[in-house]
Every structure is written in C-alpha cells, then in structure tokens.
Amino acid sequence: MPQANNKEKRETRGRQPEKPSVNNLQNPKGMRDILPEEWSVLDKIMNTARALSEFYGFSRIETPVLEYADLFSRGVGLGTDIVEKEMYVLTTKGGDKLALRPEYTAPVMRSYIQQGMSHLPQPRRLWYIGPVFRHENPQAMRYRQFTQFGMEVLGNSDPIFDAEIIIAAYRLFEELKIKNVTIEVNSIGCKTCQPAYRKKLADYYRKLDICEDCKIRIDQNPLRLLDCKNEKCQPYKQGAPVILDNLCQNCRSHFRQVLEYLDEAKIPYVLNPRLVRGLDYYSRTVFETFAEGESSALASGGRYDYLAEMIGGRSTPAVGVAAGIERIAEIMKSRGIAVQQKTKEKVFIIHVGDMSKKKSLSLIEEFRKSGVPVLSEPSKESLSAQMELAAKNNAPLALIFGQKESYEDNVIIRDMESGVQEVVPITKVVEEVKKRLR
Ligand SMILES: [Zn+2]
Ligand SMILES: [Zn+2]
Numbered sequence: 005m006p007q008a009n010n011k012e013k014r015e016t017r018g019r020q021p022e023k024p025s026v027n028n029l030q031n032p033k034g035m036r037d038i039l040p041e042e043w044s045v046l047d048k049i050m051n052t053a054r055a056l057s058e059f060y061g062f063s064r065i066e067t068p069v070l071e072y073a074d075l076f077s078r079g080v081g082l083g084t085d086i087v088e089k090e091m092y093v094l095t096t097k098g099g100d101k102l103a104l105r106p107e108y109t110a111p112v113m114r115s116y117i118q119q120g121m122s123h124l125p126q127p128r129r130l131w132y133i134g135p136v137f138r139h140e141n142p143q144a145m146r147y148r149q150f151t152q153f154g155m156e157v158l159g160n161s162d163p164i165f166d167a168e169i170i171i172a173a174y175r176l177f178e179e180l181k182i183k184n185v186t187i188e189v190n191s192i193g194c195k196t197c198q199p200a201y202r203k204k205l206a207d208y209y210r211k212l213d214i215c216e217d218c219k220i221r222i223d224q225n226p227l228r229l230l231d232c233k234n235e236k237c238q239p240y241k242q243g244a245p246v247i248l249d250n251l252c253q254n255c256r257s258h259f260r261q262v263l264e265y266l267d268e269a270k271i272p273y274v275l276n277p278r279l280v281r282g283l284d285y286y287s288r289t290v291f292e293t294f295a296e297g298e299s300s301a302l303a304s305g306g307r308y309d310y311l312a313e314m315i316g317g318r319s320t321p322a323v324g325v326a327a328g329i330e331r332i333a334e335i336m337k338s339r340g341i342a343v344q345q346k347t348k349e350k351v352f353i354i355h356v357g358d359m360s361k362k363k364s365l366s367l368i369e370e371f372r373k374s375g376v377p378v379l380s381e382p383s384k385e386s387l388s389a390q391m392e393l394a395a396k397n398n399a400p401l402a403l404i405f406g407q408k409e410s411y412e413d414n415v416i417i418r419d420m421e422s423g424v425q426e427v428v429p430i431t432k433v434v435e436e437v438k439k440r441l442r
C-alpha cells in the first residue's frame with residue numbers, strides 16, 4: 005500500500021488538508037440505513053411479494069437506477085409533483101440528463117419496448133423490487149430513497165388483468181396479515197370520453213375561488229383538481245361532475261367487468277368516483293389500497309394504455325400496481341404484527357488454544373460443504389465463555405476442539421441438553437453430528 009499513500013500525498017500537496025466534516029459521517033437527509041434488526045420484517049414482505057408474483061406467473065425485471073430524465077417527463081408527465089419537484093436529476097460529463105428513477109412503471113415500459121418484448125407471447129407479466137428516489141419533504145416514513153415493489157401486465161387490455169392486479173395487491177396484504185384493507189377503485193376514462201369530462205370539470209372549477217395550484221391544474225390536467233389537498237378546495241369536490249357518469253360505452257363496459265371480477269374474487273372494494281391518481285399515464289381503471297385508519301395508500305396503481313405511446317413506442321395496453329415496502333413494514337410494526345424469525349439451530353464449535361483455533365477453520369468448511377449450519381466465535385478464547393455462548397444460541401450440540409483433541413485429531417461432541425460428551429475422530433465428526441441432529 006505505500007504506493008497508494010505516495011500518490012495520495014502527491015495529489016493533496018499544496019492544498020489545505022480538509023477538516024473532517026461531520027456531514028461526511030451522516031447519511032443524506034431523508035435517506036437512511038437499514039440496520040440488521042429491521043430485516044426480518046422487510047425480508048418477510050419481500051419474500052411474500054416474490055412468492056405471490058411467482059404464483060401469479062410474473063417474471064422479475066430490474067432496470068437501471070438511472071434513466072434518461074426525459075423518460076419520466078414524457079411518461080409520468082410534466083406538471084406532476086414527481087417530475088417537477090421530486091426527481092433527482094444529474095447531468096453526466098457527456099452532457100446526458102439522467103434521473104434517479106422516481107418510479108418503475110415508465111422504465112419497465114421502456115424496457116418492454118426496447119427489448120422487443122411485444123414479440124413474445126402476450127401479455128408479459130413482470131414484477132420488480134428495488135430502490136426509487138423522490139426528493140420529497142421527509143415526513144414520517146416518507147423517505148427520499150425507498151423500496152418499491154410492483155407488478156405490471158403489459159400487452160393486453162382485457163379487464164381481467166385490471167382485476168388480477170388488484171387481487172394480487174389485496175392478497176399481498178392478506179398474506180402479511182394486515183387486516184381491514186380497503187381498495188378504492190374508479191375509472192378515469194379514455195381518450196374518447198375523458199376530454200369532454202375534463203372540460204366539464206374545468207368549467208365547474210373555473211367559477212370557484214380555488215387555490216393557486218388548482219389554477220394551474222385547470223389548464224394542465226384538470227383531473228388533478230380532484231386530487232387537491234388544499235383546505236380551500238375541499239368543499240368543491242362534493243359538487244364536482246362525476247367521471248363515472250361521463251364514461252363512454254367501452255369504458256363503462258370495461259369498468260363493469262373489472263368490478264364483476266372483483267366481486268367474483270370477493271375483494272372488498274369501494275367505488276371512489278373522485279379517485280384520479282396523480283400521474284399522466286393512467287387511463288380507465290385506477291385504484292388505491294388503504295389500511296384502516298391510514299390516509300396514505302399502501303399500494304396503488306391502474307391501467308396505463310397510453311404510456312407506451314407517450315414515451316415513443318407503439319400503443320401497448322398495460323396495467324400495474326406499486327407498493328412501498330418500508331411503508332408496509334411501518335404499518336405492520338404499528339399494528340404489532342409479529343414476524344416469526346426463523347433461526348436455524350446451529351452447532352457451536354469451541355476452540356481452545358491457537359492450534360485448534362487455526363484448525364477449526366477447515367472444520368467449519370467441512371460442515372458448510374455438508375450443509376450443516378455451525379457457529380463459532382474466534383474472539384472468545386476461554387472454554388467457559390464459548391460454552392456460555394453455545395447455550396445462549398440454543399446450540400443443540402457443542403463441538404469442543406481442545407488442545408489435546410487437536411493434537412490427536414479428535415473432537416468432543418457435547419449434547420447441550422443432557423451434557424453427555426463423546427470423543428470422535430475428526431474425520432468422522434460431520435457424519436456423527438448429522439446422525440445426532442436427525
Ligand atoms: Zn372511454
Ligand atoms: Zn386546490
């Protein structure tokens with residue numbers, strides 16, 4: 005390593021040595037470390053999500069964390085909070101404008117188009133799990149980096165896939181034992197019927213004393229008027245024209261079928277005619293899933309038949325759902341939903357003296373190759389300290405590898421419950437342990 009040091013010295017010569025900054029020892033605001041003790045819940049959620057996806061025939065996809073920023077401005081939509089306020093955008097040395105993905109749907113559709121997945125049998129069912137980034141004001145449990153799980157069905161417009169996605173989302177929470185989950189559903193129409201409705205909505209709101217944001221929404225995307233969180237605009241929602249009364253024949257029939265499938269699957273849904281979802285790419289079915297007493301959605305999604313065209317591909321009907329893993333973990337924690345920790349019983353290997361400490365390394369390998377889980381603690385030297393650890397870890401057996409034993413190539417097998425000990429040759433020890441564990 006001296007070379008590296010010299011180089012470092014050369015590079016820093018002539019500069020003031022930098023003072024160690026406290027900030028260098030802190031993670032960025034709104035981001036966080038996920039510590040070992042948090043993983044049992046997160047793993048439970050992730051494993052459940054994976055098993056469910058696989059059961060319903062979804063294949064995993066992963067896309068780069070960075071995409072061209074343009075993908076999101078075209079797909080998710082300019083004027084949406086995600087694109088305007090929350091996206092991390094950077095310019096590369098080559099001048100490319102890239103964004104840390106704020107969501108997965110646009111990247112998954114980009115990949116579907118780019119990789120020619122439309123040439124494969126349709127629909128394609130894809131699921132994903134990974135980090136997304138949104139530069140939001142960090143509120144409780146709203147991280148700027150969080151893990152999103154989602155499922156997408158691409159390449160088919162049949163309403164049964166809308167239902168399939170909603171059912172899968174519901175089953176996820178059922179599997180995780182999150183009770184009293186409701187699903188709010190709505191249809192926001194299509195290219196045929198939505199424009200007239202948008203105009204009606206804009207006409208209605210234009211006459212009212214609305215907030216500044218809504219004044220912009222009137223022209224940019226009047227559907228989002230219904231999404232306004234400002235106190236001032238709340239009373240107007242009640243009297244606003246309802247989209248369900250304004251759907252075209254095809255959208256009405258599509259939505260009716262979605263609901264029939266949900267009835268068939270006994271999914272408890274609620275019609276919410278004011279549910280619109282914030283992103284530009286949605287059409288027809290939209291939905292949000294809520295845990296009882298919670299105002300922010302656990303999972304949400306909908307149909308996005310126009311996204312492919314919006315980002316420059318051929319028309320591709322699709323529907324999907326996304327859910328934040330940390331958010332689900334928080335709900336489980338607040339409801340006291342326990343996650344059973346599956347700890348494998350491990351045989352404890354005890355060394356006494358340097359030679360046996362050294363030799364125990366190859367002994368551990370023998371066990372690993374035979375698929376027997378073992379544990380040892382090289383930092384402890386005394387027999388009693390290691391025996392204590394073995395008991396604390398509920399080891400069924402302890403293997404005592406003392407000085408005498410390591411010279412004679414023997415190991416003492418101690419039954420931790422009965423205290424009975426037996427000396428066995430090291431060449432036989434794996435076999436003997438296996439026999440006893442059975
Ligand atoms: Zn329509
Ligand atoms: Zn408003």
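Read in order, the letters of the sequence shown are residues 5 to 442 in my numbering.
Using N, Cα and C, we set each Cβ at its ideal position, and we do this for glycine too.
These figures come from a predicted structure and were not determined experimentally.
Asked	Found
Helix, strand or coil at R17 [DSSP, three-state]	Caution applies to R17, whose pLDDT of 46 falls short of 50 and renders its modelled position unreliable; the value that the coordinates give is listed next. Coil at R17, not helix or strand.
Close Cβ partners of G18 (< 7 angstroms) along its chain, the five nearest in sequence each way excluded	Unreliable positioning characterises G18 in this predicted model, as indicated by a pLDDT of 47, which lies under 50. The coordinate reading is nonetheless provided below. For G18, where only same-chain residues beyond five positions count, there are no Cβ hits under 7 angstroms.
Own chain residues within Cβ distance below 7 angstroms of F291, not counting five before or after	I170, I187, E188, V189, S304, G305, G306
Beta-carbon proximity list for A312, same chain, < 8 angstroms, skipping 5 on both sides	M113, Y116, I117, R318, S319, T320, A322
Per-residue DSSP class, three states only, for N184	coil
Three-state secondary structure assigned by DSSP to R105	coil
Those runs of the alpha helix (DSSP H) which lie wholly inside the stretch 172-257 and span at least 4 residues	198-210, 216-224, 238-243
Option nearest K241 by Cα separation, candidates D249, C232, L248	C232
When E421, V157, D413, L104 are compared against S443, the one with the closest alpha-carbon	Nothing about residue 443 can be reported from this structure: the residues present for the chain run from 5 to 442 only.
Rounded C-alpha distance that separates F153 from T293	14 angstroms
Which of helix, strand or coil DSSP assigns to M420	coil
Cβ neighbours of L180 in the same chain (closer than 8 angstroms, five flanking residues each side left out)	K48, I49, T52, I332, M336, I341
Length of the line joining the Cα atoms of L230 and Y209	10 angstroms
Contact belief for S360 with S410 at Cβ below 8 angstroms, rounded distance in angstroms	4 angstroms
Residues passing the C-beta test against ligand 1 heavy atoms, cut-off 5 angstroms	G193, C194, T196, C197, C252, C255
Host alpha helix (DSSP H) of L311 (start-end)	311-314
Sequence-distant residues of its chain with Cβ nearer than 8 angstroms to A399 (five each side left out)	E349, K350, V351, F352, L379, M420
Own chain partners of N9 with C-beta closer than 7 angstroms, once the 5 adjacent residues on each side are dropped	Its pLDDT being 45, under 50, N9 is placed unreliably by the model, and the measurement read from it follows with that caveat. So no residue of the chain qualifies.
Distance CB(P239)-CB(K204) smaller than 9 angstroms	no
Heavy atom of ligand 3 within 8 angstroms of K396 beta-carbon	Ligands present in the displayed structure are limited to ligand 1 and ligand 2, and ligand 3 is not among them.
Span of the alpha helix (DSSP H) around V87	85-88
Coarse secondary structure for T320, derived from DSSP in three states	coil
Proximity of V69 and L104 at Cβ, strictly below 9 angstroms	yes
Proximity test, K348 beta-carbon vs ligand 2 heavy atom, cut-off 8 angstroms	no
Y174 and R64 closer than 9 angstroms at C-beta	no
Pair within 9 angstroms by beta-carbon distance, I4 and I192	For residue 4 there is no data in the structure shown, the boundaries of the chain being 5 and 442.
Spatial distance of A200 from G324 (CA atoms)	26 angstroms
For N51, the three-state DSSP class (helix, strand or coil)	helix
Own chain, CB closer than 7 angstroms to M35, minus 5 neighbours either side, in chain order	Y147, R148, Q149
Alpha helix (DSSP H) segments (min. 4 residues) lying fully within the stretch 387-418	387-396, 407-412
Straight-line Cα distance separating I315 from V434	59 angstroms
For D37 and T16, the rounded distance between their alpha carbons	Note that T16 scores 43 on pLDDT, short of 50, meaning its location in the model is unreliable; the coordinates nonetheless yield the value given after this. Near 31 angstroms, if we compare the C-alpha coordinates of D37 and T16.
Runs of beta strand (DSSP E) lying entirely within the stretch 353-380, each at least 3 residues, in chain order	378-380
For R372, the nearest candidate out of V424, G406, V437, K396 (CA to CA)	V437
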